[in-house]
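Notes follow the structure.
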Amino acid sequence: MTEPRSAPALQPQDLVLTIFGAYVREPGETVWSGGMVEILGELGFSTEAARAALARLATRGLLARHKSGRLVSYTLTTRADELMTEGDRRIFSFGRTAPATDIWTVLWHAIPETRRVERSRFASRLRFLGFGSVQDATWVAARNREQEVLLLLRELEIEAYASVLVGRLSRGLPPVALIAQAWDLEAVGRNYDAFISEFGPYRKAKRRKGLDPQRAFVTRTLLLHRFRGFPFADPELPETVSDGHAQRAEVVATFDEVYSALAAPAEEHFRAVAQPVARARR
Numbered sequence: 003m004t005e006p007r008s009a010p011a012l013q014p015q016d017l018v019l020t021i022f023g024a025y026v027r028e029p030g031e032t033v034w035s036g037g038m039v040e041i042l043g044e045l046g047f048s049t050e051a052a053r054a055a056l057a058r059l060a061t062r063g064l065l066a067r068h069k070s071g072r073l074v075s076y077t078l079t080t081r082a083d084e085l086m087t088e089g090d091r092r093i094f095s096f097g098r099t100a101p102a103t104d105i106w107t108v109l110w111h112a113i114p115e116t117r118r119v120e121r122s123r124f125a126s127r128l129r130f131l132g133f134g135s136v137q138d139a140t141w142v143a144a145r146n147r148e149q150e151v152l153l154l155l156r157e158l159e160i161e162a163y164a165s166v167l168v169g170r171l172s173r174g175l176p177p178v179a180l181i182a183q184a185w186d187l188e189a190v191g192r193n194y195d196a197f198i199s200e201f202g203p204y205r206k207a208k209r210r211k212g213l214d215p216q217r218a219f220v221t222r223t224l225l226l227h228r229f230r231g232f233p234f235a236d237p238e239l240p241e242t243v244s245d246g247h248a249q250r251a252e253v254v255a256t257f258d259e260v261y262s263a264l265a266a267p268a269e270e271h272f273r274a275v276a277q278p279v280a281r282a283r284r
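Our numbering puts the first residue of the sequence shown at 3, with every later residue one more than the last.
So this is what it looks like as structure tokens:
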């Protein structure tokens with residue numbers, strides 16, 4: 003599949019997590035390493051890049067490596083499963099709830115340099131919740147995210163370094179400068195256009211019927227992978243301050259329809275390639 007001009011470059015580690023999140027969620031479910039290498043090859047990666055991605059995810063504690071004779075397999079770790087469960091809640095609610103009209107969350111922190119790992123994870127998770135950075139340590143979200151942020155601070159054990167404020171914007175001063183500083187909405191619009199152009203045609207049954215299981219798997223995986231990125235970039239601003247609602251709604255409708263319609267052939271292909279032993283036992 004040709005990469006749309008606005009689409010970010012695919013990274014093999016990120017794609018592995020997308021694939022596990024979509025197809026490997028039963029407790030203890032294993033995936034054959036050779037099958038994952040083949041799957042990543044179908045998505046454009048060399049054998050070396052695929053094997054390196056699996057090894058690095060194991061080093062990061064997101065995949066567990068198992069060996070039985072010459073057979074190597076991987077499972078999700080508990081930490082990875084928890085992150086994916088949280089991610090599913092965000093991904094499958096994104097664009098489906100009405101944005102708040104004037105309730106915003108402000109997060110300020112002074113996480114020390116000695117906690118740089120936690121600070122990096124914190125920033126990534128904040129973006130996934132729709133926060134934008136207005137300064138190095140000040141983040142804003144266009145809805146009430148108090149509970150999610152408190153849970154995140156506790157999880158990372160950095161509560162002592164942060165403060166959270168929740169309140170409404172002044173109705174007499176549109177937040178134009180704040181929005182421009184925190185988010186690149188023009189880039190969001192371009193990526194939405196690219197997504198609709200790439201995957202919109204598959205809303206037609208005739209177009210989907212032309213896909214064999216392998217192409218259905220590739221298309222559905224890239225669909226999910228691209229969609230996963232939108233919560234990081236789109237703050238889901240209310241219609242009163244942004245006109246991106248209709249575009250977002252079309253993207254969500256495209257995702258929901260195509261992801262569901264391609265599920266059966268995509269899963270069939272994944273099981274045949276990445277879980278041939280488990281498939282043979284059924």
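All C-beta atoms, glycine included, are put in the ideal place defined by N, C-alpha and C.
When rounded, the separation of the alpha-carbon atoms in Leu64 and Leu78 is 6 Å. When the alpha-carbon of Glu50 is set against those of Ser35, Gly89 and Ile198, the nearest one is in Ser35. In this structure Val220 is buried. Its beta-carbon is surrounded by 16 or more other beta-carbon atoms within 10 angstroms.
A contact is defined here as three or more CB-CB pairs under 8 Å, and the stretch 198-211 fails this definition with respect to the stretch 153-167. With fewer than 16 other CB atoms across the displayed protein chains lying within 10 angstroms of its CB, Pro29 is exposed. Distance from the CA atom of Ser135 to the CA atom of Ala125, rounded to whole angstroms, is 9 Å. In this chain, the alpha helix (DSSP H) harbouring Tyr194 covers Leu187 to Phe201. Across the set Ile113, Val151, Trp106 and Ala196, the C-alpha of Trp106 shows the shortest separation from the C-alpha of Gly169.
Rounded to whole angstroms, the Cβ separation of Phe130 and Phe234 is 6 Å, and the two are in contact under 8 Å. By the criterion of at least three beta-carbon pairs nearer than 8 Å, the stretch 188-196 is not in contact with the stretch 141-150. The beta-bridge partner set that DSSP reports for Arg67 consists of Tyr76. CA-to-CA, the gap between Asp214 and Glu238 works out to about 35 Å.
Taking Gly43 as the centre and dropping the five residues before and after it, the same chain places the C-beta of Thr49 and Ala52 closer than 8 Å to its C-beta, in chain order.
Collapsing the DSSP output to three states places Leu12 in coil. Around the beta-carbon of Pro267, 16 or more other beta-carbon atoms lie within 10 Å, marking it buried. Taking each of His227, Leu180 and Glu259 in turn and checking the Cα distance to Tyr25, the smallest one comes out for His227. For Val220, there is no enclosing beta strand (DSSP E); the residue is found in the alpha helix (DSSP H) stretching over Pro215 to Arg230. Minimum Cα-Cα distance from Arg273 among the listed residues Arg27, Val151 and Thr80 corresponds to Arg27. Residues of the same chain with a CB within less than 7 Å of the CB of Pro14, apart from the 5 flanking positions on each side, are Leu42, Phe47, Ala51, Ala52 and Ala55 in chain order. In the three-state reduction of the DSSP assignment, Val18 falls in the helix class, which pools H, G and I. In its chain, beyond the 5 residues on either side, Val275 and Ala276 have a beta carbon closer than 8 Å to the beta carbon of Glu40.
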